[in-house]
Amino acid sequence: MIASSAYTQEVLSIEQVLNKVEENNPALKAYETRIKGQDARVQGAKAWMAPMIGAGTFMTPYPGTELMPDADKGSFMVSVEQDIPNPSKTRAKGEYLAAQSDITKAERLVRYNQLRFQARQLYYDLIIAYRKIRLQNENQQIMKNMKKLAEIRYPYNQGSLNQVFKAEGRAYESENMILMTEGEIWSKKIALNALMNRSSDTAFEPDTALHVNFKVAGADSSYFASSRSDITQMDRSIKAMQLNIEQMRKEARPDFRIRFDHMKNYSGMMPAQFTAMAMISVPIAPWSSGMYKSEVKSMNFEIEAMRQQRSSMLTEMAGMTKAMETELLTMQKQLVNYEKKILPALTKSLNTSMLSYQENKLDLGAVIDAWEAKNMVQMNYLDQLQKYYQMIAEYEKSIEK
3 MIASSAYTQE VLSIEQVLNK VEENNPALKA YETRIKGQDA RVQGAKAWMA PMIGAGTFMT
63 PYPGTELMPD ADKGSFMVSV EQDIPNPSKT RAKGEYLAAQ SDITKAERLV RYNQLRFQAR
123 QLYYDLIIAY RKIRLQNENQ QIMKNMKKLA EIRYPYNQGS LNQVFKAEGR AYESENMILM
183 TEGEIWSKKI ALNALMNRSS DTAFEPDTAL HVNFKVAGAD SSYFASSRSD ITQMDRSIKA
243 MQLNIEQMRK EARPDFRIRF DHMKNYSGMM PAQFTAMAMI SVPIAPWSSG MYKSEVKSMN
303 FEIEAMRQQR SSMLTEMAGM TKAMETELLT MQKQLVNYEK KILPALTKSL NTSMLSYQEN
363 KLDLGAVIDA WEAKNMVQMN YLDQLQKYYQ MIAEYEKSIE K
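Pasting the structure below:
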């Protein structure tokens with residue numbers, strides 16, 4: 003049995019599982035690598051274009067033309083040219099690229115919150131499965147004992163053969179339930195190992211003594227605005243778009259270029275000459291300014307749409323969280339009824355039936371009925387507890403706790 007080998011395996015608490023997911027999950031590592039790449043791009047934002055170097059002839063007549071004085075045969079020219087970007091443009095570009103890295107960091111937090119939610123659900127399901135298998139083993143043992151007692155009594159006409167077979171069938175049915183629960187345990191462990199980036203057959207045990215408690219966080223829109231990673235991602239996206247607008251506005255500022263040409267006449271009698279030029283772009287010309295002005299206008303509309311979406315998300319989050327709190331409190335009351343009223347009553351009923359059977363005051367069929375009633379309610383209780391734990395995981399995902 004799975005439960006019997008617990009002492010040989012590593013016991014992982016929920017906190018240890020979540021830490022391993024954060025440290026080792028490949029999806030989160032991919033975000034970290036992407037962030038490093040984006041940070042590297044920021045360092046190159048202030049780089050200049052490479053200089054241009056050229057060589058050729060200057061004012062040289064075509065071959066075959068009429069002979070002319072040596073002074074008119076042209077020159078050999080070497081040219082050097084360098085574009086100089088406007089410092090305000092490179093600074094704005096660097097700030098925009100840095101904002102992209104911040105967005106990716108927020109995306110990583112969003113992804114981690116999703117992975118943490120998955121890990122919690124799997125871990126809580128695993129705890130419930132262990133509790134189920136423990137109860138199933140206990141219930142199977144009860145039915146095996148009843149079958150043995152019926153077999154002893156049958157030769158003395160203190161029971162019927164069909165009751166023996168009925169008890170045997172119920173014992174085998176319990177065995178099937180145990181096998182199904184064991185399969186569920188293995189599948190949950192494989193999924194958790196995958197989230198922790200470990201081999202699927204790595205053995206471990208959950209902390210079966212864990213009891214998940216629900217506390218109302220009292221979260222409102224202001225809480226979500228400061229704590230939710232997806233809202234943080236949206237805030238950083240808005241900031242990045244504002245920086246991009248600022249970058250586009252900087253396109254109205256000029257860029258610069260310098261050029262130097264050195265010319266040596268083919269005639270040795272003529273002196274060497276040079277040309278030095280400084281140039282400046284004119285981006286405010288009507289035919290060139292329309293592009294960045296339209297881009298700025300478009301991005302302003304996108305920012306307004308994102309702000310409206312952000313407001314809608316906050317309202318929806320607050321409403322959904324409040325609904326979950328109400329449902330969790332209701333489920334809490336139902337579980338208390340199971341634990342303090344329903345299950346104790348059915349346990350007393352089964353114990354009384356077993357005692358009456360031992361005293362020959364009741365037949366085995368009535369004991370089996372009491373056993374089935376308790377078994378069914380126990381499973382219903384654990385199913386309800388599992389839903390309760392899953393909703394707590396959903397609630398913790400919502401408040402990012």
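Just so it is clear: in the sequence shown, position 95 is 97 by the working numbering, and no numbers are missing. No residue lacks a Cβ here, since even glycine has one placed at the ideal position from N, Cα and C.
> Applying the criterion that 16 or more other CB atoms from any shown protein chain within 10 Å of the CB defines a buried residue, is E407 buried or exposed?
Replying inline: For the chain, the structure presents residues 3 to 403; residue 407 sits outside this window and is missing.
> Just to confirm, are Y33 and R118 a CB contact at a threshold of 7 Å?
Replying inline: no
>> Only counting the same chain, and skipping five residues up and downstream in sequence, which positions put a Cβ closer than 6 Å to that of I55?
In response: V82
> How far does the beta strand (DSSP E) with K266 in it reach, from first residue to last?
Replying inline: F258 to N267
> Along the chain, where does the beta strand (DSSP E) that runs through V13 open and close?
Replying inline: E12 to L14 is the span of the beta strand (DSSP E), which, as asked, contains V13.
> Alpha carbon to alpha carbon, what distance is there between E184 and I4?
Replying inline: Model confidence at I4 stands at a pLDDT of 48, short of 50, so the residue's coordinates are unreliable; what they give is reported in the following sentence. I4 and E184 have their C-alpha atoms some 7 Å from each other.
> So A47 and G96 are in contact, right, with Cβ under 8 Å, and what is the actual spacing, rounded?
Replying inline: 4 Å
>> Do F216 and L330 have their beta-carbon atoms positioned less than 7 Å apart in this structure?
In response: yes
>> For the beta strand (DSSP E) containing V379, name the first residue and the last one.
In response: Unbroken run through V379 is the alpha helix (DSSP H), L366 to I401; no beta strand (DSSP E).
> Among M279, E398, M145 and Q360, which residue has its Cα nearest to the Cα of V166?
Replying inline: M145
> Where does T59 fall in DSSP's three states?
Replying inline: It is a strand residue.
> Mapping DSSP to helix, strand and coil, what is D85?
Replying inline: strand
> Based on the DSSP secondary-structure assignment, which residues constitute the bridge partners of F78?
Replying inline: T59 and K266
> Apart from the five residues on each side of it in sequence, which residues of its chain come closer than 7 Å, Cβ to Cβ, to S355?
Replying inline: L364, A368, V369 and A372
> Taking the C-alpha atoms as reference points, what is the distance between S7 and G321?
Replying inline: Summary for S7: the model assigns pLDDT 47, below 50, so the residue's position carries little reliability; its value from the coordinates is reported in the next sentence. Near 45 Å, if we compare the C-alpha coordinates of G321 and S7.
> Alpha carbon to alpha carbon, what distance is there between Q275 and P256?
Replying inline: 30 Å
>> On the DSSP letters alone, give me the boundaries of the beta strand (DSSP E) that T204 sits inside.
In response: Here T204 belongs to no beta strand (DSSP E), and DSSP marks it neither H nor E.
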